[in-house]
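Asks: Provided herewith is a single structure, encoded as structure tokens, for subsequent inquiry.
Number of protein chains: 2
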Amino acid sequence: MRVTQEQMRENRRRILAAASRLYREKGFDAVGVAEVMKAAGLTHGGFYGHFESKEDLMAQAIAHATTELSGRDDDVGGFLAAYLSPAHRNDAANGCPMAALAADVRHRPPAARAAMTAGIRAQIDRLTRALPDSVTTERRRDAIGTYAAMIGALILARAVEDPALSDEILGETRAWVNPDP
Amino acid sequence: MRVTQEQMRENRRRILAAASRLYREKGFDAVGVAEVMKAAGLTHGGFYGHFESKEDLMAQAIAHATTELSGRDDDVGGFLAAYLSPAHRNDAANGCPMAALAADVRHRPPAARAAMTAGIRAQIDRLTRALPDSVTTERRRDAIGTYAAMIGALILARAVEDPALSDEILGETRAWVNPDP
DNA sequence: ATCCAAATATGATCGCGATCATATGAGTGT
DNA sequence: ACACTCATATGATCGCGATCATATTTGGAT
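Chains as they are written, first to last, in UniProt numbering: chain X, 1 to 181; chain S, 1 to 181.
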């Protein structure tokens, strides 16, 4: 059956949202086109009316996730605490797309890597603007180091099966990158 | 044909070495049993004489890689420089198994996660022993934060397609975690 | 109102990869 | 030497997932 142009755009948005959530939760390979379409409330056949291929979907889903999650630029401390929280660790599906997919994107075609690169660059720039100035270090260096530690800690905390060690990695990294508060 | 007990153990070692290299290079999903066996100089059928399943192989390959790469504990500065070098970024196949596989292991069965957990714990302990003592921070906290930053930076550097940004992430993180030298 | 094109649904196809069944042939203990 | 067992080789099987072919239904323009 046919559908309103409005409805079609909405369906496309649904597909992207479902894909970006499923990819973050399970990884690119574990999520099939049919599963994405089902999660979007559609059937698998219509997929190729919206996207060229699964590769195309991966790239657009990354872009969708990275542009959607751009919060406010103030309150770095709060951002850090939320990022390195057990809640974020336990909810990859709605969390940071870089922590969930950056390692995976290494094996993906150029379009997906380009989208990821744009997201990483934007996040570093945002952090650079948000971080407090310091006499001893440069802001951009701080931003890059802090971002790397955040992502590394979240990935490690998610990889580890021992909850105590996982919590320790989150908590100690948070104290380490932000010693003052 | 049959083979010496010695030869069989050697074959098993070859399979593990090939698997650990291929997994680090391409990820778990992209590497099939047949490819691993071929890289080890065998045919795919004999695989189940050595391992229960692909899951079993994944877990043992992680353990193999993590126990093999335990270098000396001194010279943290040199270790850091090598870890955050373009050479390491470009050679995931022979590099740190955590940077290559920790994010992936999140989607794997318990055995693989247990092996990865053991490797991460050992590496944190090793770094804790190797880091210089400090008045302002605790050694274990330093170790965890530094390790997180190293892994995060390497993952980001490998995800990014722009070589300039990739190099910058490596270099700035290195300067950030180790400001003195 | 009517016709047409477009969006989705339904149902192949096609290749790939994990696992298993059977065959082969050479180590191993007697 | 001999029989026998076991490691490997060869060749199915089996399910899954990406992609495509065809059908269906209804927006949208005339």
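Cβ atoms here follow ideal geometry from the backbone N, Cα and C, with glycine treated the same way.
For Gln60/X, count neighbouring C-beta atoms within 10 Å of its own C-beta (all shown protein chains included) and say buried if the count is 16 or more, exposed if not.
Replies: The count along the first sequence starts at 1 and reaches residue 60/X at position 60. Flag for Gln60/X reads buried.
Asks: Hey, out of Arg2/S, Gly41/S and Ala30/S, whose CA is closest to Arg13/S's CA?
Replies: Taking the second sequence and counting its residues from 1, one reaches residue 13/S at position 13. When only C-alpha atoms are compared, the closest one is Gly41/S.
Asks: Between Gly95/X and the rest of its own chain, which residues show a CB-CB distance below 6 angstroms, the 5 nearest in sequence each way excluded?
Replies: Along the first sequence, read from residue 1 onward, the residue named residue 95/X stands at position 95. Excluding sequence neighbours, Gly95/X sits near His88.
Asks: Just mark residue 186/S as buried or exposed, buried being the case when its beta carbon has 16 or more other beta carbons within 10 Å.
Replies: Limits of chain S in this structure are 1 at one end and 181 at the other, which puts residue 186/S out of reach.
Asks: List, in chain order, every chain S residue whose beta-carbon is nearer than 9 angstroms to that of residue 204/X.
Replies: Only positions 1 to 181 of chain X appear in this structure, which leaves residue 204/X out of reach.
Asks: Spatial neighbours of Val36/X within its chain, please: C-beta separation below 8 angstroms, excluding the five flanking residues on both sides.
Replies: On the first sequence, position 36 is the one that residue 36/X refers to. Excluding sequence neighbours, Val36/X sits near Ile15, Ala18, Ala19, Leu22, Phe47 and Leu57.
Asks: Would you mind telling me which residues of chain S sit closer than 9 angstroms to Ile15/X, beta carbon to beta carbon, in chain order?
Replies: Numbered from 1 along the first sequence, position 15 holds the residue referred to as residue 15/X. Chain S residues near Ile15/X: none, gap ~22 angstroms exceeds 9 angstroms.
Asks: Kindly confirm or deny that the region 98-118 of chain X and the region 26-36 of chain X touch, where touching means at least three C-beta pairs closer than 8 angstroms.
Replies: Yes: the two stretches touch, three or more of their Cβ pairs being nearer than 8 angstroms.
Asks: Anything in chain S within Cβ reach of Arg121/X, meaning under 7 angstroms, just list it in chain order.
Replies: The residue labelled residue 121/X in the question sits at position 121 within the first sequence. The answer, in chain order, is Leu165.
Asks: Taking Cβ-Cβ distances shorter than 7 angstroms, what residues in chain S pair up with Val160/X?
Replies: As a first step, residue 160/X is located in the first sequence; it is residue number 160 there, counting from the start. By Cβ distance, chain S contributes Thr117 and Ile120.
Asks: Could you give the DSSP three-state label for Leu22/S: helix, strand or coil?
Replies: Residue 22/S sits at position 22 when you count from the first residue of the second sequence. Helix, per DSSP.
Asks: Output yes or no for whether 7 angstroms exceeds the beta carbon distance between Glu161/S and Arg113/X.
Replies: If you number the second sequence from 1, residue 161/S lands on position 161. If you number the first sequence from 1, residue 113/X lands on position 113. Yes; because the gap between Cβ atoms is below 7 angstroms, this pair is in contact.
Asks: So Thr173/S and Ala143/S are in contact, right, with Cβ under 8 angstroms, and what is the actual spacing, rounded?
Replies: For the purposes of this step, residue 173/S is taken as residue 173 along the second sequence, with counting starting at 1. For the purposes of this step, residue 143/S is taken as residue 143 along the second sequence, with counting starting at 1. That belief does not hold up - the Cβ atoms of Thr173/S and Ala143/S are roughly 16 angstroms apart, past 8 angstroms.
Asks: Contact defined as beta carbons within less than 8 angstroms: I believe Ile62/S pairs with Met116/S. What is the distance between those atoms, to the nearest angstrom?
Replies: As a position in the second sequence, residue 62/S is number 62, starting the count at 1. As a position in the second sequence, residue 116/S is number 116, starting the count at 1. Going by Cβ atoms, the distance from Ile62/S to Met116/S rounds to 5 angstroms, so yes, they are a contact pair.
Asks: With Glu35/X as the anchor, note down where its alpha helix (DSSP H) starts and where it stops.
Replies: Here residue 35/X corresponds to residue number 35 of the first sequence, with the count starting at 1. First-last of the alpha helix (DSSP H) with Glu35/X: Val33 to Ala39.
Asks: The alpha helix (DSSP H) with Ser166/X in it runs from where to where?
Replies: In the first sequence, counting from the first residue as 1, residue 166/X sits at position 166. Pro163 to Val177 is the extent of the alpha helix (DSSP H) around Ser166/X.
Asks: Between the region 126-133 of chain S and the region 73-80 of chain S, do at least 3 Cβ pairs fall closer than 8 angstroms?
Replies: Touching, yes, given that three or more Cβ pairs across the two stretches are closer than 8 angstroms.
Asks: Could you tell me the boundaries of the alpha helix (DSSP H) in which Glu68/X lies?
Replies: By 1-based counting over the first sequence, the position of residue 68/X is 68. Taken as a continuous stretch (DSSP letters only), the alpha helix (DSSP H) holding Glu68/X covers Lys54 to Glu68.
Asks: Three-state secondary structure (DSSP) at Phe51/S?
Replies: In the second sequence, counting from the first residue as 1, residue 51/S sits at position 51. Phe51/S: coil per DSSP, three-state reduction.
Asks: Examine chain S for any beta-carbon lying closer than 7 angstroms to the beta-carbon of Ala18/X, and answer yes or no.
Replies: Indexing the first sequence from 1 puts residue 18/X at position 18. Ala18/X does not count as touching chain S.
Asks: Does any CB atom of chain S fall closer than 7 angstroms to the CB of Ala149/X?
Replies: In the first sequence, the residue the question calls residue 149/X occupies position 149. Yes, its Cβ sits closer than 7 angstroms to a Cβ of chain S.
Asks: For Pro86/X, tell me which candidate among Thr146/X, Leu165/X and Ala65/X has the shortest Cα-Cα distance.
Replies: Taking the first residue of the first sequence as position 1, residue 86/X is located at position 86. If we check each option's Cα against that of Pro86/X, Leu165/X comes out closest.
Asks: I'd like to know if residue 243/S contacts chain X, where contact means its C-beta is closer than 7 angstroms to some C-beta of that chain.
Replies: Not covered by the structure: residue 243/S. The range shown for chain S is 1 to 181.
Asks: Assuming Arg106/S and Ala159/X are in contact, meaning their beta carbons sit under 8 angstroms apart, how far apart are those beta carbons, in whole angstroms?
Replies: Counted from its first residue, the second sequence places residue 106/S at position 106. Counted from its first residue, the first sequence places residue 159/X at position 159. Right, the Cβ-Cβ distance comes to about 6 angstroms (below 8 angstroms), so this counts as a contact.
Asks: Here's a check: name, in chain order, each residue in its chain whose Cβ is nearer than 8 angstroms to the Cβ of Leu170/X, leaving out the five neighbours to either side.
Replies: Taking the first sequence and counting its residues from 1, the one referred to as residue 170/X is at position 170. The residues are Leu84, Ser85, Pro86, Arg89, Ala153, Leu154 and Ala157.
Asks: Classify Val76/S as helix, strand or coil using the three-state DSSP reduction.
Replies: Along the second sequence, one-based indexing puts residue 76/S at 76. In this structure, Val76/S counts as helix in the three-state DSSP scheme.
Asks: Mind checking the region 24-48 of chain S against chain X and listing, in chain order, the residues whose C-beta falls within less than 7 angstroms of any C-beta there?
Replies: Flagged, chain order: Lys26, Gly27, Asp29 and Ala30.
Asks: Please work out which residues of its chain come closer than 8 angstroms, Cβ to Cβ, to Ala111/S, disregarding the five sequence neighbours upstream and downstream, and give them in chain order.
Replies: Numbered from its first residue, the second sequence carries residue 111/S at position 111. Here the set comprises Glu55, Asp56, Met58 and Ala59.
Asks: May I have the straight-line CA-CA distance separating Ala118/S from Thr66/S, to the nearest angstrom?
Replies: Against the second sequence, residue 118/S aligns to sequence position 118. Against the second sequence, residue 66/S aligns to sequence position 66. Roughly 9 angstroms separates the two Cα atoms.
Asks: Measure the CB-CB distance between Asp73/X and Arg139/X and report whether it falls below 7 angstroms.
Replies: Translated into positions along the first sequence, residue 73/X becomes position 73. Translated into positions along the first sequence, residue 139/X becomes position 139. No.
Asks: So, does the CB of Glu52/S fall closer than 7 angstroms to a CB anywhere in chain X?
Replies: Position 52 of the second sequence, counted from the first residue, corresponds to residue 52/S. No, Glu52/S does not count as interfacial toward chain X.
Asks: With a cut-off of 7 angstroms, does the C-beta of Thr128/S fall near any C-beta of chain X?
Replies: Position 128 of the second sequence, counting from 1, holds the residue named residue 128/S. It does not; no Cβ of chain X falls within 7 angstroms.
Asks: Excluding the five sequence neighbours on either side, which residues of its own chain have a C-beta within less than 7 angstroms of the C-beta of Asn178/S, listed in chain order?
Replies: Within the second sequence, the letter at position 178 stands for residue 178/S. Gly77 and Leu80, listed in sequence order.
Asks: Go ahead and label Gln5/S buried or exposed: buried means 16 or more other beta carbons lie within 10 angstroms of its beta carbon, across all protein chains shown.
Replies: Numbered from its first residue, the second sequence carries residue 5/S at position 5. Exposed, by the Cβ-count rule.
Asks: How big is the Cα-Cα spacing for Lys38/X and His44/X?
Replies: One-based indexing of the first sequence puts residue 38/X at position 38. One-based indexing of the first sequence puts residue 44/X at position 44. Their backbone Cα atoms lie some 7 angstroms apart in a straight line.
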